[in-house]
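Accompanying notes for the structure given below.
In our numbering, the protein residues as written are 1 to 306.
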């Protein structure tokens, strides 16, 4: 407990600041004094705790010892803690029970108030101006809120400052003169019935299945495959295209002998004669491959010989 409270109550103060709650830090002696005051001042509570009520003389004696700065034994501290626990736990139960009863009472009163009344402003009720001002200051903004308060506990409204019997009479008369539209009832949604399947339809289905099973597929005649004769290659001028494309480039051009380097010429002291180049070409007029000689001129251009 001391760790939760913190040094000088700093943890408790921080928790109160963060939550916005009021946290009172009390010692065991202070809590015992408060519980003793509750038990002695509430006859209903004392009647609910008869065994705890018999502890009052012993508790008072321990508190006197503490006030006189006389030592208190651990057993006496334990007795004080048990006394506080019994009183406070029963007090919480009483508050919870009262809150539950109040909720049930409010729910029953709300059921008697028309739903449309909660959407009607209080100024539309026709209440006198000075009474209207008192009610709005008290927090009653709609006709429904005022009617709910009157049905749950009319003394709350009567207890407001400036509200007397005449004011209550004016309020009741104004509320009685109001009419609210009846809530529209939604028509029940009719669910479509599933379609009925006749017995004849059930019988016809297997009959159709049997009829389909009796139909045998017709025999399919075999199709004769006729082999097509391979197309003859196109022939042009006595030479087929396949033969023309079969020629290699080397077949059309005769090899040209390599010239010997100048260094070899100087060593040997003589020149070798150059061979003339021969080129093979296909002559369309003759329909045959002919050889044509070519020689190189001085300017480096090749010239054909017929």
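We put the beta carbon where it would ideally sit given N, CA and C, even for glycine.
Quick caveat: nothing in here was measured; it's all calculated off a predicted structure.
### Message
Could you compute how far the alpha carbon of residue 40 sits from the alpha carbon of residue 46?
### Response
Here residue 40 corresponds to residue number 40 of the chain shown, with the count starting at 1. Here residue 46 corresponds to residue number 46 of the chain shown, with the count starting at 1. Using only the alpha carbons, I get a separation of about 7 Å.
### Task
Return the CA-CA distance between residue 76 and residue 48, expressed in angstroms with no decimal places.
The residue given as residue 76 occupies position 76 in the chain shown. The residue given as residue 48 occupies position 48 in the chain shown. For residue 76 and residue 48, the distance between alpha carbons rounds to 24 Å.
### Close Cβ partners of residue 177 (< 8 Å) along its chain, the five nearest in sequence each way excluded
As a first step, residue 177 must be located in the chain shown, where it is residue number 177. Closer than 8 Å at Cβ, skipping near neighbours: 126.
### Query
Does DSSP classify residue 113 as helix, strand or coil?
Residue numbering aside, residue 113 sits at position 113 when the chain shown is read from its first letter. In the structure shown, residue 113 sits in coil (DSSP, three-state: anything other than H, G, I, E or B).
### Task
In angstroms with no decimal places, state the Cα-to-Cα distance between residue 64 and residue 84.
Taking the chain shown and counting its residues from 1, one reaches residue 64 at position 64. Taking the chain shown and counting its residues from 1, one reaches residue 84 at position 84. Answer to the nearest angstrom: the Cα atoms are 17 Å apart.
### Message
On the CB-based measure, 16 or more other CB atoms within 10 Å of its CB, does residue 150 come out buried or exposed?
### Response
For the purposes of this step, residue 150 is taken as the residue at position 150 of the chain shown. So residue 150 counts as buried.
### Message
So residue 122 and residue 160 are supposed to be a Cβ contact under 8 Å. How far apart are they, rounded?
### Response
To locate residue 122, count along the chain shown from 1; it is residue 122. To locate residue 160, count along the chain shown from 1; it is residue 160. Residue 122 to residue 160, Cβ: 14 Å. No contact.
### Query
Any idea if residue 331 is buried or exposed, counting beta-carbon neighbours within 10 angstroms, 16 or more meaning buried?
Look at the range of the chain in this structure, 1 to 306, and you will see that residue 331 is not part of it.
### Task
Look at the alpha carbon of residue 16 and the alpha carbon of residue 92, and state the distance between them as a whole number of angstroms.
Numbered from 1 along the chain shown, position 16 holds the residue referred to as residue 16. Numbered from 1 along the chain shown, position 92 holds the residue referred to as residue 92. Going from the Cα of residue 16 to the Cα of residue 92 covers about 21 Å.
### Query
Do residue 284 and residue 292 have their CB atoms nearer than 8 Å?
Along the chain shown, one-based indexing puts residue 284 at 284. Along the chain shown, one-based indexing puts residue 292 at 292. For residue 284 and residue 292, no; Cβs fall outside 8 Å.
### Query
By the 10 Å Cβ neighbour count, where 16 or more other Cβ atoms means buried, how is residue 94 classified, buried or exposed?
Residue mapping note: residue 94 aligns to position 94 of the chain shown, counting from 1. Result: exposed.
### Message
Looking at residue 80: is its Cβ nearer than 8 Å to the Cβ of residue 142?
### Response
Working through the chain shown from its first residue, we reach residue 80 at position 80. Working through the chain shown from its first residue, we reach residue 142 at position 142. For residue 80 and residue 142, no; Cβs fall outside 8 Å.
### Task
Give the DSSP-derived three-state secondary structure of residue 291 in the structure shown.
Position 291 of the chain shown, counting from 1, holds the residue named residue 291. Correct three-state label for residue 291: strand.
### Per-residue burial, residue 288 [other beta carbons within 10 Å of its own, 16 or more giving buried]
Residue numbering aside, residue 288 sits at position 288 when the chain shown is read from its first letter. When all chains shown are included, residue 288 counts as exposed.
### Message
Once the 5 residues before and after residue 112 are set aside, which same chain residues still bring their CB inside 7 Å of it?
### Response
In the chain shown, residue 112 corresponds to position 112, counting from 1. Counting only Cβ-Cβ distances below 7 Å, and skipping sequence neighbours, we find 151.
### Task
Report the rounded CA-to-CA distance for residue 165 versus residue 66, giving the unit in angstroms.
Counting from 1 along the chain shown, the entry for residue 165 is found at position 165. Counting from 1 along the chain shown, the entry for residue 66 is found at position 66. For residue 165 and residue 66, the distance between alpha carbons rounds to 54 Å.
### Query
Would residue 148 be called buried (16 or more neighbouring beta carbons within 10 Å of its own) or exposed?
On the chain shown, residue 148 is found 148 positions in, with the first residue counted as 1. Looking at its Cβ environment, which holds 16 or more other Cβ atoms inside 10 Å, residue 148 is buried.
### Residue ranges of each alpha helix (DSSP H) within the segment 67-134, 4 or longer
74-111
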